[in-house]
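Just below is one structure, and these are the notes that go with it.
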Amino acid sequence: MIYFDNVTKVYGKDAVALENVNLGVEAGEFVFLVGASGSGKSTMMRLILKELEPTSGIISVNGVKLSAIPRRYVPKHRREIGCVFQDFKLLPNKTAAENVAYAMEVTGQKRRAIRTRVPQILELVGLRDKLEAYPGQLSGGEQQRVSIARAFVSQPPILIADEPTGNLDPDTSVGIMQLLHRINRIGTTVLVATHDKEMVDVMRKRVVALEAGRIVRDRVRGVYADEV
Amino acid sequence: MRSDNLGFFLAEAFKNMRLNLLMSVTAVTTTAVCILILGMGLLVDAHVEGIVRNVGQDVAITAFFPEDIDQERIDEVAASVEGYPEVNESAYVSKEEALERFRETFAEQPDIAGSISSDVLPASIEIQLNNSSDSSAVADRLRAEGFQDDEIRYPQQTVDRLNQITGYLIWGLRGATALFFVASVLLIFNTIRLSIFARRKEIEVMKLVGASDSFVRTPFVLEGLVQGLIGAIPAALLVVWMNSLFVGWAQENLPFFPISSGAVNALIVLLFLLFVGALVGVAGSFFSVRRFLKV
């Protein structure tokens, strides 16, 4: 589903973010991408979204080489990938429902479909009572639920989350992870970048560890760090 | 863009304006000032040109007889002028009549009126033409009769002189208007860009959830269009209103200046100013958003 083939990304002249990264994520997998800040997790996420171009190497997502996607088809590519960010990235001037609806509006879906689907998905993430609340009126965990609802509303085959629990307390984080787990169980490929050790250890999913831009470990039912 | 999206885009545009009220007010005010300046420039230009054109439409030629001419020759010339095909009618003005007119003109300033004797003013023949465009041809015929260049007064001469005097003035005005206009367009662009810069995070989010460039841009461009129009409408109306005030005032107080309401087509000026306002708003938004779409 997501393939990195010998990918290197250098920012500016000599700030190496990723070095010769090879990674394959199959359809339906749940993968944790772990590592310290600056190890290259976010860079991988942004490369998958084609927000950045790799310095060298080939990335393919959903069977398409990203380098072959012309600029005007990038929005279409992004609609295949739901994404969740550490800082939620909700539109502050829109209610929870409008934020979710926006992701459907950009794909040109019928207003009728939007009206029925948005409350459904918000109910699914446990925010049935907060449809008309603005992001500023919601707690961090609630905002992240809205952003997951937005990422998943069009049922994309892939969902990527960059530090989804980074701003949340442990209890709230459990809820968010459970949500991501449920989304994965209905067949969505989920890639989560995190340094939330507890969460990774509890979930026992595939763990890919990055260190200074290199993949140093890849375990099928892994933990955050191998026991020393 | 699907047409049923228009409602969505318009709703977005108006919502954005409400939420960014201060920026919207700034953009609208700047546009209004810009359109006002442009409109004023257009008016001054139109009226100066109107005066010049009006003088050119004068269908009279005056030819002055030299001092030493005898009555026989005068009659001869008068008869041949009557025969020109371009001439509607002609009238001989003797030295005495010229003096009489001069005294009438300066009736309220007896010092000037009394200081002139009938010898000073030349006799002349005043010729009314059928068509002002024939003035040069008639002037040529008069030269053939023996008149010197400085003995003939005809509209084209006046027009040429007026053009000479007003030429620099008009171009100076146009230059100033253009400079002001460019400055205010840049100001509008900057205002719009500031308001869009404040929302660049939103644009980034929109792009990340898969919005196409045009989907993000359309509400901004509509916003620019509405702001441009809101700014331009009062400014354009003010310009047209001030024009009618000016024309009325000039006709009352400056009767010897041929200022006419016909020099300015109010409707065309109005539409032109509205168009410029809308265009500046649309272009400003379009180019400002474009910079932030590269996500």
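Just so you know, the sequences run in chain order A and B. Counting from 1389, one number per residue, gives the positions in the first sequence under the working numbering. Counting from 57, one number per residue, gives the positions in the second sequence under the working numbering. The beta-carbon is built from N, C-alpha and C at its ideal position, and this holds for glycine as well.
(message) Counting only Cβ pairs nearer than 9 Å, list the residues of chain B close to Lys1477(A).
(response) Taking the first sequence and counting its residues from 1, the one referred to as residue 1477(A) is at position 89. Near Lys1477(A) (Cβ distances below 9 Å), the residues of chain B are Lys257, Glu260, Val261, Leu264, Val265.
(message) Between which residues of its own chain and Met328(B) is the CB-CB distance below 8 Å, once the five residues before and five after are set aside?
(response) As a first step, residue 328(B) is located in the second sequence; it is residue number 272 there, counting from the start. Note on residue identity: the sequence assigns Phe, not Met, to residue 328(B). In its chain, beyond the 5 residues on either side, Leu98 have a beta carbon closer than 8 Å to the beta carbon of Phe328(B).
(message) Does Lys1453(A) pass the burial test, meaning 16 or more other C-beta atoms within 10 Å, or should it be called exposed?
(response) As a working note, residue 1453(A) is residue 65 in the first sequence. With fewer than 16 other Cβ atoms within 10 Å, it is exposed.
(request) Taking Ala251(B) as the query, report the chain A residues whose CB atoms sit under 9 Å from its CB, ordered along the chain. (result) Along the second sequence, one-based indexing puts residue 251(B) at 195. What sits at residue 251(B) in the sequence shown is Ser, not Ala. Under the 9 Å cutoff, chain A gives no residues; its nearest Cβ is about 13 Å from Ser251(B).
(request) Starting from Ser341(B), find everything on chain A with Cβ-Cβ shorter than 9 Å and list it in chain order. (result) Walking along the second sequence from the start, residue 341(B) turns up at place 285. Going along chain A, no residue has its Cβ under 9 Å from Ser341(B), so there is no contact; the nearest lies around 17 Å.
(message) As a quick exercise: from Lys1401(A), Ala1456(A), Val1404(A), Leu1567(A), pick the residue whose alpha carbon is nearest that of Leu1512(A).
(response) Stepping through the first sequence from its first residue, residue 1512(A) is reached at position 124. Comparing Cα positions, the closest option is Leu1567(A).
(message) Strictly below 9 Å CB to CB, what residues from chain A border Ser268(B)?
(response) If you number the second sequence from 1, residue 268(B) lands on position 212. Ordered by position in chain A, the residues that pass the 9 Å Cβ test against Ser268(B) are Arg1460, Val1462, Pro1463, Lys1464, Val1494.
(message) For Ala135(B), report the span of its alpha helix (DSSP H) as first-last.
(response) Position 79 of the second sequence holds residue 135(B). Ala135(B) -> alpha helix (DSSP H) spans 127 to 138.
(message) Under 9 Å, Cβ to Cβ, is there at least one residue of chain A near Leu66(B)?
(response) What you label residue 66(B) is simply residue 10 of the second sequence in a count that begins at 1. Not an interface residue.
(message) If you reduce the DSSP assignment to three classes, tell me which class Leu1408(A) lands in.
(response) Here residue 1408(A) refers to the residue found at position 20 when the first sequence is read from its first residue. With the sequence shown as reference, residue 1408(A) is identified as Asn, and Leu is not the correct amino acid for it. Strand, per DSSP.
(message) Could you give the first and the last residue of the continuous alpha helix (DSSP H) run that contains Tyr1490(A)?
(response) For the purposes of this step, residue 1490(A) is taken as the residue at position 102 of the first sequence. Element bounds for Tyr1490(A): 1484 to 1493.
(request) For Phe271(B), go through chain A and note every residue whose CB falls closer than 7 Å to its CB, in chain order. (result) Within the second sequence, residue 271(B) is the residue found at index 215, counting from 1. Per Cβ cutoff of 7 Å: Val1494.
(request) Please list the partners that Leu77(B) has in chain A, where partner means a Cβ-to-Cβ separation under 8 Å. (result) In the second sequence, the residue the question calls residue 77(B) occupies position 21. The premise fails here: Leu77(B) is roughly 12 Å from chain A at the closest Cβ pair, so nothing lies under 8 Å.
(message) For Glu1407(A), tell me which candidate among Ile1446(A), Phe1420(A), Lys1438(A) has the shortest Cα-Cα distance.
(response) In the first sequence, the residue the question calls residue 1407(A) occupies position 19. Taking only the C-alpha atoms, the option nearest Glu1407(A) is Ile1446(A).
(request) Look up Ser1427(A) in the DSSP assignment and say whether it is helix, strand or coil. (result) The residue labelled residue 1427(A) in the question sits at position 39 within the first sequence. Coil, per DSSP.
(message) Please give me, in chain order, every unbroken run of the alpha helix (DSSP H) with length at least 4 that falls completely inside the segment 136 to 203 of chain B.
(response) Fully enclosed alpha helix (DSSP H) runs of no fewer than 4 residues occupy 151 to 161, 166 to 170, 191 to 200 of the segment 136 to 203 of chain B, in order along the chain.
(request) Just the chain B side, please: which residues come within less than 7 Å of Leu1579(A) by C-beta, in chain order? (result) One-based indexing of the first sequence puts residue 1579(A) at position 191. Residues of chain B passing the Cβ test: none, with the nearest at roughly 15 Å.
(message) Does any residue of chain B have a CB that is nearer than 9 Å to the CB of Ala1491(A)?
(response) What you label residue 1491(A) is simply residue 103 of the first sequence in a count that begins at 1. Ala1491(A) counts as touching chain B.
(message) Distance check for Glu68(B) and Ser270(B), CA to CA, integer angstroms please.
(response) What you label residue 270(B) is simply residue 214 of the second sequence in a count that begins at 1. What you label residue 68(B) is simply residue 12 of the second sequence in a count that begins at 1. When rounded, the distance between both Cα atoms is 14 Å.
(message) Tell me the DSSP secondary structure of Lys263(B) in three-state form.
(response) Your numbering for residue 263(B) matches position 207 in the second sequence. Reduced to three states, the DSSP call for Lys263(B) is helix.
(request) Kindly indicate the opening and closing residues of the alpha helix (DSSP H) around Ile1509(A). (result) As a working note, residue 1509(A) is residue 121 in the first sequence. 1499 to 1512 is the span of the alpha helix (DSSP H), which, as asked, contains Ile1509(A).
(request) Starting from the N-terminal side, write out each stretch of the alpha helix (DSSP H) that is 4 residues or longer and does not extend beyond the segment 235 to 323 of chain B. (result) 256 to 264, 269 to 309
(request) With DSSP as the reference, label Glu1520(A) as helix, strand or coil. (result) As a first step, residue 1520(A) is located in the first sequence; it is residue number 132 there, counting from the start. Three-state DSSP puts Glu1520(A) in coil, outside helix and strand.
(message) Helix, strand or coil, according to DSSP, for Met57(B) in the structure here?
(response) The residue you call residue 57(B) lines up with position 1 of the second sequence. Because the pLDDT at Met57(B) is just 47, under 50, the model does not fix this residue reliably, and the value given afterwards should be weighed accordingly. Reduced to three states, the DSSP call for Met57(B) is coil.
(request) Note down, one range per segment and in chain order, each beta strand (DSSP E) of at least 3 residues found wholly within the segment 1564 to 1595 of chain A. (result) 1577 to 1582
(message) When you compare the CB of Leu1454(A) with every CB in chain B, is at least one pair closer than 9 Å?
(response) Position 66 of the first sequence, counted from the first residue, corresponds to residue 1454(A). Leu1454(A) does not count as touching chain B.
(request) Count the other CB atoms, across all protein chains shown, that sit within 10 Å of the CB of Phe121(B); report buried if there are 16 or more and exposed otherwise. (result) As a position in the second sequence, residue 121(B) is number 65, starting the count at 1. Buried.
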